[in-house]
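Engineer: Quick one: the structure is below, and I'll ask about it shortly.
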Amino acid sequence: MALDKATVAHIATLARIRLSEAEQVKMADELSHILTWIEQLGEVDTSGVEPMTSVAAMRLPMREDRVTDGGRRDEVLANAPATAHGFFTVPKVVE
Amino acid sequence: MTALTRLTMAAARDGLRRRNFTATELAAAHVAAVEAARPLNAFVTETPELAMAQAAESDRRLQRGEARPLEGLPLAIKDLFCTKDILTTASSHILDGFKPPYESTVTAQLWAAGAVMLGKTNMDEFAMGSSTTTSYYGPTENPWRRPGDNRPLVPGGSSGGSAAIVAACGALGATGTDTGGSIRQPASFTGIVGMKPTYGRCSRWGVVAFASSLDHPGPLTRTVRDAAMLLRGMAGHDPKDSTSAPVAVPDFEAALTGDIRGLKVGIPKEYRVDGMPGEIETLWQRGIEWLKTAGAHPVEISLPMTKYALPAYYIVAPAEASSNLARYDGVRFGLRVDGKSLEEMYELTRAAGFGAEVRRRVLIGTYVLSAGYYDAYYVKAQRVRTLIARDFAEAFKMVDCILTPTAPSSAFAIGEKSDDPIAMYLNDVFTVPADLAGIPAISVPAGLDESGLPLGLQIIGRAFDEETVFRVAGVLEEAASFTATPQFIAGASSSGGDIGSGHHEPH
Chain B
894 MALDKATVAH IATLARIRLS EAEQVKMADE LSHILTWIEQ LGEVDTSGVE PMTSVAAMRL
954 PMREDRVTDG GRRDEVLANA PATAHGFFTV PKVVE
Chain X
4 MTALTRLTMA AARDGLRRRN FTATELAAAH VAAVEAARPL NAFVTETPEL AMAQAAESDR
64 RLQRGEARPL EGLPLAIKDL FCTKDILTTA SSHILDGFKP PYESTVTAQL WAAGAVMLGK
124 TNMDEFAMGS STTTSYYGPT ENPWRRPGDN RPLVPGGSSG GSAAIVAACG ALGATGTDTG
184 GSIRQPASFT GIVGMKPTYG RCSRWGVVAF ASSLDHPGPL TRTVRDAAML LRGMAGHDPK
244 DSTSAPVAVP DFEAALTGDI RGLKVGIPKE YRVDGMPGEI ETLWQRGIEW LKTAGAHPVE
304 ISLPMTKYAL PAYYIVAPAE ASSNLARYDG VRFGLRVDGK SLEEMYELTR AAGFGAEVRR
364 RVLIGTYVLS AGYYDAYYVK AQRVRTLIAR DFAEAFKMVD CILTPTAPSS AFAIGEKSDD
424 PIAMYLNDVF TVPADLAGIP AISVPAGLDE SGLPLGLQII GRAFDEETVF RVAGVLEEAA
484 SFTATPQFIA GASSSGGDIG SGHHEPH
């Protein structure tokens, strides 16, 4: 599958990674190369084969639905690039 | 103090208990070795003060006769494991300044067992790579060079810093993680032992996530016995990781009986690739002979899905990575690049914070998970993954373990293979299948190639049967009697020459 520049621009937007025009062109090339190589999987007959959803042969454990941890606001905020009044801060979203 | 850094982990344990030397002496020797090994650029962060403090506590315990299993043993920790209040970067710019408020389960267990931390090792950014050249902190050099050739070589990756420092005798052992081969391939490239246990054997809690269904923490050491010791310290059920297996951890060292008589060893005919050097094939045949001499029976087997493991991996791993790496948004931790809007801040932060390979994989992952392509790529790859696991399940009806080469080449030069992502991906062609199937596999140094560089052989086993893997690996190790040492040994006066082209600054 050859990806064009517009498709790369679209997935870069979905992935929230800014790419310049030049980077989009280069990335379209690289991703097309990789996807073409990946498409050899088409040779494999997988009809009737269940997709693997868990590599470990075990059920996910259940636990009681109750709070086990918390009250760590300052620790949670300690690594943030910007905080105010006990909150994360971001550029204005609502005018 | 060079002699102390040349000890195996098991010998250091015994020496401490016999009071031949103190934990403080052992730690000081390793702190000096880590400093001497700086030209390799194996560490992102060194923690000498912490090492000396932990060693002092170990000495108090040893004096009271209360030694814990890994008491006083200096280790290096891959910078993917969160360490409380100590910079944890995954070798990415986007985690600038991140000091976790918590400790990963694996490292918490190691400290509770008495181990001493030397620092956090360099790696491919977010563990995406096979060369430790994609690190924001610059490449790590392999302590090995081709005799008569001055080009610096890669240590493999992604756990390249861990592998390089253990090979150069700067640490008795190290933690790594293996998602597609990131413990075993660097072990092969640096002439040491690397063990990827069964999925679920070691908790992933507090390990920076790359591909959650494939990430396996495990040990890198200079001997099989040391790998058994270290894995025992790292392993165990952890309720904080829902995929952690609630099974008891055996004494892996006890499995090293040396007796493999009657064991059936599978030799998969598909583990050959175009352009693989003949000497790897020769070494593999030698490995078969060694195990035969020890009383095992080689059995030719077929793993027909082998060639599809790598392309399936390059759908599953990027898909999971694109989801896991969504958390790096410039809001809660790490780098932020300001923008006029929230959207712009996200996009600029992630563009500046992720290196080229990480961007590539996040974009592939986003694409294969996007509407209209999910079934064609992601579900298809998960079906192929089922077939790969089935291949192994069929094989293990006939054999007790499988012997293969670890990697299709020895170490290559820094900068080589960096133009073509697929050439780089092919490094993992023999290691990826065991990750996709979640089964244990070890790389043992088995010989040198014609250019004088180490090559490993791999033993793959049944899920939760690390004991058989260790037992066979121990026999292989003894038969191979690999005693060659790298050109660069930390702190050895005769070594080094001009290894280490200089200090590597972040780019």
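One line per chain: the protein sequences are B and X, in this order. For the first sequence, the working numbering gives the first residue as 894, with consecutive numbering after it. For the second sequence, the working numbering gives the first residue as 4, with consecutive numbering after it. Backbone N, C-alpha and C define an ideal beta-carbon position, used for all residues, glycine too.
(1) Around the Cβ of B:Leu953, are there at least 16 other Cβ atoms within 10 angstroms (buried) or fewer (exposed)?
(2) Kindly indicate which three-state DSSP category X:Ser497 falls into: helix, strand or coil?
(3) So, is the C-beta of X:Pro538 closer than 8 Å to a C-beta in chain B?
(4) State buried or exposed for X:Gly194, treating a residue as buried only when at least 16 other CB atoms are found within 10 Å of its CB.
(5) Span of the alpha helix (DSSP H) holding X:Val387?
(6) With which residues is X:Thr461 paired in a DSSP beta bridge?
(7) In terms of DSSP beta bridges, what is X:Ile270 paired with?
(8) What does the Cβ neighbour count give for X:Glu470, buried or exposed, with the cut at 16 atoms within 10 Å?
(9) The alpha helix (DSSP H) with X:Leu90 in it runs from where to where?
(10) Which same chain residues, not among the five before or five after X:Ser245, have their C-beta less than 6 Å away from its C-beta?
(11) Can you pull the DSSP bridge partners for X:Gly176?
(12) Taking CB distances under 8 Å as the criterion, tell me whether X:Glu481 reaches chain B.
(13) Go through its chain and collect everything with a Cβ distance to X:Ala171's Cβ below 7 Å, but skip five positions before and after it.
(14) Thinking C-alpha only, which one of X:Ala324, X:Ala476, X:Ser446, X:Gly356 is nearest X:Gly337?
(15) Provide the residue span of the beta strand (DSSP E) that contains X:Lys123, from first to last.
(16) Could you name each continuous alpha helix (DSSP H) segment of 4 residues or more that falls completely within the stretch 314-393 of chain X, going from the start of the chain to the end?
(17) In angstroms with no decimal places, state the Cα-to-Cα distance between X:Leu53 and X:Ala258.
(18) Could you check the C-alpha separation between X:Leu406 and X:Arg275 for me, to the nearest Å?
(19) Give me, in chain order, the residues of the same chain whose beta-carbon lies closer than 7 Å to that of B:Arg965; leave out the 5 immediate sequence neighbours on both sides.
(20) Using a threshold of 7 Å, is the CB atom of X:Thr434 nearer than that to any non-hydrogen atom of the ligand ATP?
(21) Quick one: what's got a C-beta closer than 6 Å to X:Ser165's C-beta in the same chain, skipping five residues either side?
(22) How many whole angstroms separate the CB atoms of B:Ala908 and X:Thr143, which I take to be in contact at a CB cut-off of 8 Å?
(23) Looking only at its chain, what residues have a beta carbon closer than 6 Å to the beta carbon of X:Leu266, apart from the 5 residues adjacent to it on each side?
(24) On the three-state DSSP scale, how would you describe X:Asp181?
(25) Considering only the beta carbon of each residue, do X:Thr136 and X:Val169 sit closer than 8 Å?
(26) Taking B:Glu943 as the query, report the chain X residues whose CB atoms sit under 8 Å from its CB, ordered along the chain.
(27) Should X:Tyr377 be labelled buried (16 or more other beta-carbon atoms within 10 Å of its own) or exposed?
(28) Give the C-beta separation of X:Leu234 and X:Met198 to the nearest angstrom, bearing in mind that I take them to be a contact with Cβ-Cβ under 8 Å.
(29) Short check: CB of X:Gly163 to CB of X:Pro200, under 8 Å?
(30) Thinking C-alpha only, which one of B:Ile931, B:Asp897, B:Gln933, B:Lys985 is nearest B:Leu920?
(31) DSSP puts X:His219 in a beta bridge; with which residues?
(32) Which whole-angstrom value describes the C-beta separation of X:Glu453 and X:Glu303, a residue pair presumed to lie in contact below a C-beta threshold of 8 Å?
(33) For B:Met894 and X:Gln57, what's the separation of their Cα atoms in angstroms?
(34) Going along chain B in order, which residues have a C-beta closer than 8 Å to the C-beta of X:Pro424?
(35) Could you tell me whether any Cβ in chain B is nearer than 8 Å to the Cβ of X:Leu345?
(36) Consider the Cβ of X:Tyr370: report whether some Cβ of chain B lies at a distance smaller than 8 Å.
Structural biologist: On the basis of the coordinates in this document:
(1) Stepping through the first sequence from its first residue, residue 953 of chain B is reached at position 60. Counting Cβ neighbours within 10 Å, B:Leu953 comes out exposed, since fewer than 16 surround it.
(2) On the second sequence, residue 497 of chain X is found 494 positions in, with the first residue counted as 1. Unreliable placement is indicated for X:Ser497, whose pLDDT of 45 sits below 50; the coordinate value is still reported in the next sentence. Three-state result, X:Ser497: coil.
(3) Any question about residue 538 of chain X goes unanswered here, given that chain X covers just 4 to 510.
(4) Residue mapping note: residue 194 of chain X aligns to position 191 of the second sequence, counting from 1. Only buried fits X:Gly194, as 16 or more other CB atoms lie within 10 angstroms of its CB.
(5) The count along the second sequence starts at 1 and reaches residue 387 of chain X at position 384. Segment 383-398, the alpha helix (DSSP H) holding X:Val387.
(6) Stepping through the second sequence from its first residue, residue 461 of chain X is reached at position 458. The displayed chain sequence assigns Gln, not Thr, to residue 461 of chain X. According to DSSP, which records beta bridges pairwise, X:Gln461 is partnered with X:Thr407, X:Ser446.
(7) Within the second sequence, residue 270 of chain X is the residue found at index 267, counting from 1. For X:Ile270, which the question treats as bridged, DSSP gives the partners X:Glu303.
(8) Stepping through the second sequence from its first residue, residue 470 of chain X is reached at position 467. Buried: at least 16 other Cβ atoms inside 10 Å.
(9) In the second sequence, the residue the question calls residue 90 of chain X occupies position 87. The continuous stretches of alpha helix (DSSP H) do not include X:Leu90, and DSSP gives it neither H nor E.
(10) Residue numbering aside, residue 245 of chain X sits at position 242 when the second sequence is read from its first letter. Around X:Ser245: no qualifying Cβ.
(11) Position 173 of the second sequence, counting from 1, holds the residue named residue 176 of chain X. Beta-bridge pairing by DSSP links X:Gly176 to X:Leu78, X:Thr224.
(12) Residue mapping note: residue 481 of chain X aligns to position 478 of the second sequence, counting from 1. Closer than 8 Å: no.
(13) In the second sequence, residue 171 of chain X corresponds to position 168, counting from 1. Result list for X:Ala171: Ala40, Leu43, Pro146, Pro489, Phe491, Ile492, Ala493, in chain order.
(14) Within the second sequence, numbered from 1, the residue matching residue 337 of chain X stands at position 334. Closest option to X:Gly337, Cα to Cα, is X:Gly356.
(15) Here residue 123 of chain X refers to the residue found at position 120 when the second sequence is read from its first residue. Unbroken beta strand (DSSP E) run through X:Lys123: 119-124.
(16) The stretch 314-393 of chain X is shown to contain whole alpha helix (DSSP H) runs of 4 or more residues at 345-356, 359-372, in chain order.
(17) Here residue 53 of chain X refers to the residue found at position 50 when the second sequence is read from its first residue. Here residue 258 of chain X refers to the residue found at position 255 when the second sequence is read from its first residue. Each residue's alpha carbon lies about 34 Å from the other.
(18) Counted from its first residue, the second sequence places residue 406 of chain X at position 403. Counted from its first residue, the second sequence places residue 275 of chain X at position 272. Roughly 13 Å between the two C-alpha positions.
(19) Working through the first sequence from its first residue, we reach residue 965 of chain B at position 72. Once the five neighbours on either side are set aside, B:Arg965 has no close Cβ partner at all.
(20) This structure does not include the ligand ATP; it has no bound ligands of any sort.
(21) Numbered from 1 along the second sequence, position 162 holds the residue referred to as residue 165 of chain X. Counting only Cβ-Cβ distances below 6 Å, and skipping sequence neighbours, we find Ala79, Lys81, Thr124, Ala177, Gly179, Leu223.
(22) Within the first sequence, residue 908 of chain B is the residue found at index 15, counting from 1. Within the second sequence, residue 143 of chain X is the residue found at index 140, counting from 1. That pair is no contact at about 28 Å.
(23) Indexing the second sequence from 1 puts residue 266 of chain X at position 263. Contacts found: Ala299, Asp403.
(24) Position 178 of the second sequence, counting from 1, holds the residue named residue 181 of chain X. It is a strand residue.
(25) Against the second sequence, residue 136 of chain X aligns to sequence position 133. Against the second sequence, residue 169 of chain X aligns to sequence position 166. Cβ atoms of X:Thr136 and X:Val169: not closer than 8 Å.
(26) Here the question's residue 943 of chain B lines up with position 50 in the first sequence. Near B:Glu943 (Cβ distances below 8 Å), the residues of chain X are Arg386, Thr389.
(27) By one-based count along the second sequence, residue 377 of chain X stands at place 374. So X:Tyr377 ends up on the exposed side.
(28) As a position in the second sequence, residue 234 of chain X is number 231, starting the count at 1. As a position in the second sequence, residue 198 of chain X is number 195, starting the count at 1. Their Cβ separation, rounded to whole angstroms, is 6 Å, which keeps X:Leu234 and X:Met198 in contact under 8 Å.
(29) Translated into the one-based positions of the second sequence, residue 163 of chain X becomes position 160. Translated into the one-based positions of the second sequence, residue 200 of chain X becomes position 197. Judged by beta-carbon spacing, X:Pro200 lies beyond the 8 Å limit of X:Gly163, meaning their Cβ atoms are not closer than that value.
(30) By one-based count along the first sequence, residue 920 of chain B stands at place 27. According to the sequence displayed, residue 920 of chain B carries Met and not Leu. Here the closest residue by C-alpha is B:Asp897.
(31) If you number the second sequence from 1, residue 219 of chain X lands on position 216. Looking at the DSSP assignment, X:His219 forms a beta bridge with X:Asp181.
(32) Translated into positions along the second sequence, residue 453 of chain X becomes position 450. Translated into positions along the second sequence, residue 303 of chain X becomes position 300. No, X:Glu453 and X:Glu303 are not in contact; Cβ-Cβ is about 27 Å, not under 8 Å.
(33) Translated into positions along the first sequence, residue 894 of chain B becomes position 1. Translated into positions along the second sequence, residue 57 of chain X becomes position 54. Going from the Cα of B:Met894 to the Cα of X:Gln57 covers about 55 Å.
(34) The residue labelled residue 424 of chain X in the question sits at position 421 within the second sequence. Per Cβ cutoff of 8 Å: Glu923, His926, Ile927.
(35) Position 342 of the second sequence, counted from the start, is the residue given in the question as residue 345 of chain X. Chain B, which has a Cβ nearer than 8 Å to the Cβ of X:Leu345, makes this yes.
(36) Position 367 of the second sequence, counting from 1, holds the residue named residue 370 of chain X. Look at X:Tyr370: its C-beta is under 8 Å from a C-beta on chain B.
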